[in-house]
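For reference, the structure discussed in these notes is given below.
Residue numbers (the numbering used here): 25 to 309.
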């Protein structure tokens with residue numbers, strides 16, 4: 025059971041030290057003999073991460089979010105982080121239940137374990153970076169005796185930055201795990217994302233709103249998807265950029281469709297940080 029830390033700066037230092045311990049344990053997994061494929065050691069270390077995460081989230085739920093949500097100036101950003109954390113927790117819990125609790129058949133599905141670990145690790149690192157850049161400074165300002173106007177100025181500056189830099193992304197994917205995880209990564213990076221698993225809805229969604237980027241899963245490509253990609257590019261030219269991604273090493277698209285893509289990313293769930301970096305570079309080119 026966690027104990028509340030009254031001093032706001034010491035509280036944030038504690039949360040950051042837990043982040044450091046979590047990332048340090050991830051590094052231990054990556055640097056051990058065999059990396060994540062060393063199943064026994066990886067599971068033991070992931071159970072340590074689980075304990076750290078439960079304590080960390082309990083502290084945030086008791087002390088961080090209530091303070092931020094009850095203040096009208098910080099409520100919006102706090103609720104968004106809380107909602108994203110719920111989504112990330114669902115992905116993490118599914119991962120831990122499948123591999124850290126129910127270990128039967130783990131060796132048979134060793135590749136699935138490694139792939140799921142890489143996705144979990146990437147999501148976790150993106151989340152930690154965002155918390156330390158935005159959420160924690162807002163809490164410290166709110167509770168450190170600074171002028172209330174300074175808190176307001178900080179929040180307004182952050183919102184202005186987001187408004188200026190925010191890009192609208194339409195995300196299409198049939199695989200529910202990739203759809204949820206990769207769209208969450210983009211949202212945690214500050215983008216406005218609308219996700220759909222229905223290919224026949226993609227064109228109407230793009231037509232109905234301002235869109236900067238379309239991300240399309242080409243793993244299970246077909247004639248209709250090839251035609252759709254060409255149609256989007258022909259209609260919008262350079263106004264909308266298109267990124268294809270696949271769970272395979274190649275896109276599976278026809279050659280003349282492949283050329284319409286602004287970028288193609290192979291197996292992004294295995295390296296969500298690289299996925300995030302390439303999306304950012306493309307949007308801000």
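Cβ atoms here follow ideal geometry from the backbone N, Cα and C, with glycine treated the same way. The structure displayed is predicted, hence computed values, not measured ones.
Asked, Found
"Is the Cβ-Cβ distance between residue 237 and residue 307 less than 7 Å?", "yes"
"Taking the beta carbon of residue 94 as the centre, do at least 16 other beta carbons fall within 10 Å, making it buried, or is it exposed?", "exposed"
"Expressed to the nearest angstrom, what Euclidean distance is found between the alpha-carbon atoms of residue 220 and residue 294?", "21 Å"
"Using 8 Å as the cut-off, can you tell me whether the segment 34-54 makes contact with the segment 66-76, which would need three or more C-beta pairs spanning the two stretches below that distance?", "yes"
"Considering only DSSP beta bridges, list what residue 49 is partnered with.", "Answer is none; residue 49 lacks a bridge partner."
"Out of 268, 249, 118 and 107, which has the shortest C-alpha to C-alpha gap to residue 201?", "118"
"From the DSSP output, which residues share a beta bridge with residue 265?", "237"
"Helix or strand or just coil, what does DSSP make of residue 196?", "strand"
"Only counting the same chain, and skipping five residues up and downstream in sequence, which positions put a Cβ closer than 7 Å to that of residue 102?", "89, 92 and 93"
"Please identify the residue among 248, 203, 83 and 299 whose C-alpha is closest to the C-alpha of residue 160.", "83"
"Please determine, among 106, 42 and 52, the residue with the shortest C-alpha to C-alpha distance to residue 211.", "106"
"Three or more C-beta pairs under 8 Å: does that hold for the segment 250-261 against the segment 279-290?", "yes"
"So residue 288 is in the alpha helix (DSSP H); what residue range does that whole segment cover?", "Taken as a continuous stretch (DSSP letters only), residue 288 belongs to no alpha helix (DSSP H), being part of the beta strand (DSSP E) at 287-290."
"When you compare only the Cα positions, how much space is there between residue 171 and residue 109?", "Model confidence at residue 171 stands at a pLDDT of 45, short of 50, so the residue's coordinates are unreliable and nothing is read from them."
"Assuming residue 264 contacts residue 235 under a Cβ cut-off of 8 Å, what Cβ separation, rounded to an integer in Å, is found between them?", "5 Å"
"Considering only residues of the same chain and omitting the five flanking positions on each side of residue 167, which have a CB-CB separation below 6 Å?", "32"
"How many Å lie between residue 38 and residue 230 at the Cα?", "44 Å"
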